[in-house]
Each structure stands twice: as structure tokens, then as C-alpha cells.
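> Structure below; questions to follow.
Chains as they are written, first to last, in the numbering used here: chain A, 227 to 387; chain B, 422 to 1069.
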């Protein structure tokens, strides 16, 4: 039950003050994949902050998502080195293959797409990450292969309808 | 060896010395296989290689140690695997894919150095970490094999900060200590006052490596002089510059060096709590550093009454949440305090009033990683390398269109030409050099005529760039400099915190002007054309205003990529504006695609790839692209095997 999960996280931060806000939000997102309205309100209550303040902080930072990500969260790096090595094409390939724009999730809940400013693996540009696993030197054609690999994995786990 | 050791008995001393030799790999009981599992290595498949190595050892029933190490920095040779046999020097191999593992191990463990993928052998050290000749029998070099430090990527480098990366096991504090680690901290706590430590660092000439270049010793002194019971040291491991990954490599490959530097800095300023603010996009670095902190605490090198000196230090980690502006001091402090990462005006400077309103020093990872060696070897040792105004070495992250990408540590004053052409091996694919982008979104582009510029703070500023944190992205003739300016402007305006008008509104205006310049002419109205010209004439003036009036470094440096490219690549801008042409062939909307009827074989592949239905032609007849329908995606050009699709 989601509310119980959040309470468990908040209990670890009993008596916490404002400076624990971002770590708490990070733990909640790590556990649920995103920050729900309910989560924001609970965290605010725990720290004695109005929900608006919590939203103000959460929406400032790129890391926080307010909608659930897909089973496979695809991050395309658009840093300088990746850009120079053609990451715009890689992103296009991802958008075309999934039919969604960055920031969106596919209707079947399998994939979500995100653009990241820099993943820090610039020597192996262009870089793509799926659920934190890095793929180096990705070409636009390779994108489709990687996504198909994810679909096969999901089917094997019995996730697709 | 079991049990604690002491200095009393000879047997004990001997056992300790032999253990240290084993940890330094001067003496091996059985073969050791090292796999580089830093983030880059894993991205290139090192995880599978590691499994293959372990699997092979089990199947062949061979007893050997398997050690995971960090990035040595040769990105283009990843995954890297080193093999060391007892009594012989260590051999470095790369790239080693999982299918090559079996053959490599079989040959190496049989006593032969395989040549496929061999990068070189490690040179046996003449002196060990204590500066004394090693007591272990010298390791026998392999005949006829070059030394790794002669490799063209490594030979011109001076590896001090990176000395242990890719060499030692970052998750084993004993290896760091055996190599001389934490000696500086022990000596400093015993024999130096905080003031003396600040003096030593100031004498060394160490300047901030995060980009600002502020003299480190002087910053420490400001904080030391501030009177307050509680002071803080913050290590800035946000590394937000796209193209920079030096700090990540240090944290993943040699986290204890950073911790020792943090402890020394905290002692020097009188801080009892240190925070490492590390970006969330570095999960492996976060794990390695957390483990290292735990080990240091368990060893009594962090925590209460360190080494019986009365000095206490708690080190906590805080993760960034994906905001480039939080690399700025006051925004970083706001983020740790749980607020929106918005900078504030200075004075007061953090050294006087910072985190939770207490005196705070913020230092970059690389700055702190330099400190232990300076304290061990003395300020003169550090200052002996470099230029009169920039002492020591700088770590760069070389990426982009070079043959060899990776981590480069060179003496300050080295020329860019040396870094790009000698170390990097020049431009890949036989293309022409265009520019090297240095300093990230706050920096600039250096064209061919300035390649001999020396890498130091002032020289780079003189050519319209800046040192930055160390990201170096090499660009060849297929890169459009107007597109690069637009790329940076897009990044910066999204990362602007929004607090001050010059940055919030100014960066957006600059981006709009650049978008105007690179937009297609087809649908452009007369009004839009007029706006384009107006905008362009205003670009430089707008840049000046933003630089002069922005609240923080982000805004003040935001126009730099545009100003730098305007200065050195004006002709490209003019081609975009007056001729509506992109010479590098990048800006999609300015490209016209046409099919050369002489080369076209009528295979219809391009027409099938065209998503806009812009290609017509019968099978086996030359095809034709309808200009009005073409969206300029380039799919046809990529698909054509006869190079019949021309772009101009």
C-alpha cells in the first residue's frame, strides 16, 4: 500500500527538518517511480511545510517526476559530446520507435522517455540508459534493437497484454 | 596475516611489510585479473566481461584474484582487462569483449603475453610509496612489450590525481593506505596547525579546479579566520558541465584520495562536518563513495577524535536533483538546505556566511583530490609543474570527434594542440579539425589558429574561452558552430533558475534569435525575415547586457558560447543569415536535398524511408525529391547506398 510505504520512509526521518526535504523526496521517487499528490502532501505534513512549498522545491529540480514512468525508463543523453556525436538523431529514433515525446509514457505503460543533460560517460558518446543501465556508442539503428530487447524481456516476464 | 600488527617484533614488522607489498602488487601469491568497471567500462560491456572472467576461472579451475578497478581513462579502449602473474609485471589489454576473455586468459596464464588488444605493461616501480626501494624481488618485465606509460595517450600525461584510477581496488581502503594514503592526514594532524595547512596550500599555488580558479589556500584562510563554533566543508561533486566526467572517475576509481583531501580541508578551516554534494546521475560513484566513507569511519580516519588528535569530522552525502545551477556555490547551499536552488548575491561570501549561515568552504572534487599529495610532498613539489600563474596539473575529459577519448591529466601550460593531436590522436575518420569546446556552457570554442594556446586560466580567457571544470569536446568539419551556440543556449535557458531578469529573459531572447537564424526559409514571412536581421544585430549587445547584469555565474557566463563562436566563426553565422545556408550541413531546415540522377539506380529504398512522401520515381528510374514536401530529416541520405542523395 503506497501510503504505508511513504510512512515508512518518513519514520526513518523522524524529527527531520527542512534540509531533509530533497533526500526524502528522492527516496519516495526511488520507491514509487514518481511523486504523487498524496506523497507531496504527506511529506509536507511531516516536515511542517505547506504542500505548495514542497511542490515549489520538487518542480525546480529536473530529477523529480510527477507521472509514473514506464516499466523501462529510457534516458537519452543530450550533453555536448553526445550532441556532437549525433544524439539528436538517437533521440529522434527513440521518439519515432516509441511514438511518444520526451517526458511521456507509452499507453501500454512499458516505456517512458526522458532527455538528460549529461550522464557523464562522454568518452563513449552517444549514450542511452535504460533503467540506469548504460549503452555506449548508440547509433539510431541500435535504439530500435535496444527497445526490442526490452519488449522481449517484458514478454518473457509476462508483462505485455 | 591474522590479528593486529605492532612495531615491537621483527616478525610482525616483516609481516606488515609483506602485506603492504602484496596490496601494492609488488608481490603476488597467485595471478590477479583486473577489470575496469567504472561507469564507462560498464557502458561498454565490462559487466559481461567480468562475468566471463569469473566463469572462465571456475570452469578451468584456476585460482586467481579478480579485482574490479575504476577507469584508467582510456575510454576508446574499454572494456579494459589487466593480467598480472606472480613475479611478472602487469599487462593491460583493451578493448576486451566477452568472447575474447577465454583466449586472453588461457594465453596469459600459460605465461605468454597475447598481443591481441595489448596496450602495454606497467613499469615496475623503482621506489615504493614510502620512497624507499622496494624490498620485494623486482617484477620481471615482459620482453619486447612497450610500457603502458609510453602509449601515445598516456606518455604526455602527468598523472597525479589519476595515479590510482584503474590501478587500485577503490573498494579496499587497505590498498590506498599501502600506497601511502592517509599519511598526509596523519602527519598534518600531528605536526601542523590549521593555519599552517592553509599556508602550505597557499604556497603551492593550488587554484580551484571547478572553473573559478580562486586560490584555494586564500579561500580556506577566510573561513579559518571567521569565528564560529560550527563550520562546514562542502565538496562540490555536482559536475554539471555536459562533457565533463573527471570528478566521476576520481570518485569511482580513488574515493579515498578525495576523502583524505576533504579531511585535510576540514581540519584546515576548523569544520567538524563535511558534505559531499554529488549529482544523482552518478549512481555508481555514489555507491563507491558511500562505501569508502564507511570504511574510513571504521578505520578511525573519519568520525570522532581522528587518530587521537581531538579533531572530529562527520562526512555526509547529499545527492543533487538534476539542476545545473546547483553547481553554483550559493545555489548548492540552498539545495542542501532543502530549498529551490536559487543563487543569492554575494557578499556575504560562503566562507563568512554559508550553509545554515555558518562559515562554509566549497571546493571542487579535483581541487580536494590534489591536497593529500601537496601535504605529503610539499608545496614546492606541486609548484614545480605548471606556469607562473597556474601551478600543478589539470584533469580534462576529452570527448567528441577525436580518435582517442578519455581522461587526460597534463601539466598546466600544455598546449591544446598536444592534447587534441598527440594525446587524442587527432580527428577521427580523416575529417578536418574545426574547434575544441572548452569550459562547458560557460566556455568557448577554440579554432585551429589558436590551437597552440597554453592551457591555463588567463591564456584561455585571452582567446575568448575559459578553463571551466575540464570538459573538452572536439568538433570536426561536420559540426555547425551556430548549431553549437544554439545547443548551449537551449541548455542554459532551461537551467536558468529564473530569479533575475537578464538571465531568465535574456537567455530566452538569445535562443530565439539563434532559432531564427537556423529556421527554414520556406515558410518565413517578410516580418520574420526582418525580425531575423534585427535579432542578429542585437545579439552581441544583448550578450553584453546579460554578462554585466546577471546575478550569478550562470547568467554571467551564459553568452560565452555565442560570443566565442561569433568571434571565431563569423563566416558561418553570415552564411546562415545572408545566404540561408548551413555550410556544415547540420541545420536541417536550411538544407536542400536533391538526388543526383547520374548516381541514382532507382532502387526506391529512399522513397520507402521517406516519412514525408517527398520522393517520387519509378523503380529503376532516377528518383526526385520534392523540395516543398521535404522536411530535411536526412533519412534518404542515410539509406542510399550509392551516395546519390546530395545535401547543400
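Backbone N, C-alpha and C fix where the C-beta goes; we use that ideal spot for every residue, glycine too.
Following the continuous alpha helix (DSSP H) through residue 479 of chain B, name the residue where it begins and the one where it ends.
Looking at the DSSP string, the run of the alpha helix (DSSP H) that includes residue 479 of chain B is 467–480.
> Short of 9 Å Cβ to Cβ, which residues in the segment 460–487 of chain B face chain A?
Per Cβ criterion, the list reads 460, 461, 463, 464, 465, 466, 468.
> Give the interface partners of residue 497 of chain B over in chain A, defined as CB-CB distance under 9 Å, in chain order.
349, 350, listed in chain order.
> By how many angstroms is the C-alpha of residue 923 of chain B removed from the C-alpha of residue 997 of chain B?
If you take the alpha carbons of residue 997 of chain B and residue 923 of chain B, they lie about 26 Å apart.
> What residue range is occupied by the uninterrupted beta strand (DSSP E) comprising residue 337 of chain A?
Taken as a continuous stretch (DSSP letters only), the beta strand (DSSP E) holding residue 337 of chain A covers 337–342.
> Against residue 237 of chain A, what residues of chain B qualify as contacts under a CB-to-CB distance less than 8 Å, listed in chain order?
By Cβ distance, chain B contributes nothing, its closest Cβ being about 19 Å from residue 237 of chain A, past 8 Å.
> Please return the same chain residues whose Cβ sits closer than 6 Å to the Cβ of residue 496 of chain B, not counting the five positions on each side in sequence.
Taken in chain order, the residues that qualify are 461, 826, 827.
> State the Cα-Cα distance for the pair residue 264 of chain A and residue 1008 of chain B, rounded to the nearest angstrom.
C-alpha separation (whole angstroms): 45 Å.
> Taking CB distances under 8 Å as the criterion, tell me whether residue 290 of chain A reaches chain B.
Yes, residue 290 of chain A counts as interfacial toward chain B.
> What is the rounded straight-line gap between the Cα of residue 977 of chain B and the Cα of residue 900 of chain B?
About 26 Å.
> Could you check what DSSP says for residue 239 of chain A in three-state terms: helix, strand or coil?
Looking at residue 239 of chain A - three-state DSSP - the assignment turns out to be coil, as it is neither helix nor strand.
> Is the segment 260–276 of chain A touching the segment 297–307 of chain A in the sense that three or more CB pairs, one from each, lie closer than 8 Å?
The segment 297–307 of chain A vs the segment 260–276 of chain A: no contact.
> Taking residue 757 of chain B as the query, report the chain A residues whose CB atoms sit under 7 Å from its CB, ordered along the chain.
What residue 757 of chain B touches in chain A: 245.
> Measuring alpha carbon to alpha carbon, tell me which of A:288, A:236, A:311, A:248 ends up nearest residue 1073 of chain B.
This structure cannot settle anything about residue 1073 of chain B, because the visible part of chain B is limited to 422 through 1069.
> Where do the N-terminal and C-terminal ends of the alpha helix (DSSP H) with residue 258 of chain A fall, by residue?
First-last of the alpha helix (DSSP H) with residue 258 of chain A: 247–258.
> Does the beta carbon of residue 387 of chain A come closer than 8 Å to any beta carbon on chain B?
At residue 387 of chain A the pLDDT is 49, less than 50, meaning the model places this residue with poor confidence; the figure from the coordinates comes in the next sentence. Chain B, which has no Cβ nearer than 8 Å to the Cβ of residue 387 of chain A, makes this no.
> Between residue 807 of chain B and chain A, is any beta-carbon pair separated by less than 8 Å?
Residue 807 of chain B does not count as touching chain A.
> So, does the CB of residue 362 of chain A fall closer than 8 Å to a CB anywhere in chain B?
Interface residue, yes.
> What are the start and end residues of the beta strand (DSSP E) that includes residue 830 of chain B?
Counting along the chain, the beta strand (DSSP E) containing residue 830 of chain B begins and ends at 827–832.
> Within 10 Å of its beta-carbon, does residue 750 of chain B have 16 or more other beta-carbons around it, so buried, or fewer, so exposed?
Residue 750 of chain B should be labelled buried.
> Between residue 809 of chain B and residue 972 of chain B, how many whole angstroms is the CB-CB distance? I'm expecting something under 8 Å.
Wrong, their Cβ atoms sit about 33 Å apart, outside the cutoff.
> Let me know if residue 190 of chain A comes out buried or exposed under the rule of 16 or more other beta-carbons within 10 Å of its beta-carbon.
In the structure displayed, chain A extends from 227 to 387; residue 190 of chain A sits before or after that span and is not available.
> Taking the Cβ atom as the reference point for each residue, do residue 1006 of chain B and residue 1068 of chain B lie within a distance shorter than 8 Å?
Cβ atoms of residue 1006 of chain B and residue 1068 of chain B: closer than 8 Å.
> Please list the segments of the alpha helix (DSSP H) lying wholly inside the segment 914–964 of chain B, counting only runs of 4 or more residues, in order along the chain.
Within the segment 914–964 of chain B, the complete alpha helix (DSSP H) runs of at least 4 residues are 922–938.
> Could you compute how far the alpha carbon of residue 727 of chain B sits from the alpha carbon of residue 232 of chain A?
Whole-angstrom Cα-Cα distance: 37 Å.
> According to DSSP, what are the bridge partners of residue 487 of chain B?
Answer is B:454, bridged to residue 487 of chain B.
> How many whole angstroms separate the CB atoms of residue 790 of chain B and residue 678 of chain B, which I take to be in contact at a CB cut-off of 8 Å?
At roughly 5 Å, the Cβ-Cβ gap stays under 8 Å, so residue 790 of chain B and residue 678 of chain B are in contact.
> Could you please give the first and the last residue of the uninterrupted alpha helix (DSSP H) stretch that includes residue 798 of chain B?
Here the alpha helix (DSSP H) through residue 798 of chain B covers 786–798.
> If we define contact as Cβ-Cβ less than 8 Å, is residue 345 of chain A a contact residue for chain B?
With 8 Å as the cut-off, residue 345 of chain A counts as an interface residue toward chain B.
> When the distance is taken between beta carbons, is residue 769 of chain B closer than 8 Å to residue 649 of chain B?
Contact: no.
> Starting from the Cα of residue 705 of chain B, find the closest Cα among A:384, A:346, A:246 and give me that residue.
Closest option to residue 705 of chain B, Cα to Cα, is A:346.
> Mind pulling the chain B residues with CB within less than 9 Å of residue 311 of chain A?
Near residue 311 of chain A (Cβ distances below 9 Å), the residues of chain B are 820, 821, 822.
> If we count the other Cβ atoms within 10 Å of its Cβ and call it buried at 16 or more, is residue 384 of chain A buried or exposed?
Its Cβ having fewer than 16 others within 10 Å, residue 384 of chain A is exposed.
> What does a CB cutoff of less than 8 Å around residue 542 of chain B pick up in its chain, not counting 5 residues either side in sequence?
Closer than 8 Å at Cβ, skipping near neighbours: 510, 511, 512, 513, 534, 562, 563, 566, 567, 568, 569.
> For residue 926 of chain B and residue 964 of chain B, I'd like the C-alpha separation in whole angstroms.
Each residue's alpha carbon lies about 12 Å from the other.
> Report yes if the CB atom of residue 473 of chain B is closer than 8 Å to the CB atom of residue 522 of chain B, and no otherwise.
Yes, they are a contact pair.
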